[in-house]
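Undergrad: Residue numbers (the numbering used here): 130 to 327. Glycine is no exception: its CB is placed at the ideal position from the N, C-alpha and C atoms.
1) Taking the alpha-carbon of residue 247 as reference, which of 184, 211, 200 has the nearest alpha-carbon?
2) Please say whether residue 227 and residue 196 have beta carbons closer to each other than 8 Å?
3) Taking the Cβ atom as the reference point for each residue, do residue 183 and residue 190 lie within a distance shorter than 8 Å?
4) Per DSSP, residue 233 is paired with what?
5) Looking only at C-alpha atoms, which of 273, 140, 245 sits nearest to residue 287?
6) Who are the near neighbours of residue 172 in its chain, counting only those whose CB is closer than 7 Å to its CB and skipping five residues on each side?
7) Secondary structure at residue 227, three-state DSSP: helix, strand or coil?
8) Count Cβ pairs between the region 213 to 221 and the region 136 to 147 that sit closer than 8 Å; are there 3 or more?
Below, the structure written as structure tokens:
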């Protein structure tokens, strides 16, 4: 795929499948694709969605459709409302289980991935106000990785994180000497803004 998905791993070794930095980002991409099937292609039933997701040219699509429909207790031709988080969570959970033969991710992980999809592509200021939850940290980490790939140095990245009001203890959760140096730099000031004079 030529799509630069949020949370993509920098190194991609498979021509068919994309590797992500976290399960949540992979689930986020899956949720986005499934929703786009409805928005862009008017595919709204289990039968329509899975016929595109897993085409019969190289898959046992009929068996896939039967299994997912049975697990969801829905007709294969019943329209799905994928704006319903509960339904989308169940659909993704069943699809992952069907494709893996097990359930590698718990429901909470899938919910975090869907929440990332709903939050949109951009780290908004509002995400980081109040409490800094795990989902927010995943988004901030993804932003750091993207800015690093763009060639920004750690001070420039720090300024961007300050701009969107990420808490100053964020760097303490990353690994690496540069991260630690930034943490010390911030600790010397009364606030991030004071430490970097921005």
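TA: According to the structure shown:
1) Along the chain shown, one-based indexing puts residue 247 at 118. Nearest C-alpha to residue 247: 211.
2) In the chain shown, the residue the question calls residue 196 occupies position 67. In the chain shown, the residue the question calls residue 227 occupies position 98. Cβ distance < 8 Å, so residue 196 and residue 227 count as in contact.
3) Here residue 183 refers to the residue found at position 54 when the chain shown is read from its first residue. Here residue 190 refers to the residue found at position 61 when the chain shown is read from its first residue. Cβ atoms of residue 183 and residue 190: closer than 8 Å.
4) Position 104 of the chain shown holds residue 233. Paired residue(s): none; residue 233 is not in a bridge.
5) The residue you call residue 287 lines up with position 158 of the chain shown. Closest by alpha carbon: 273.
6) Against the chain shown, residue 172 aligns to sequence position 43. Closer than 7 Å at Cβ, skipping near neighbours: 166, 178, 181.
7) Here residue 227 refers to the residue found at position 98 when the chain shown is read from its first residue. Helix.
8) no
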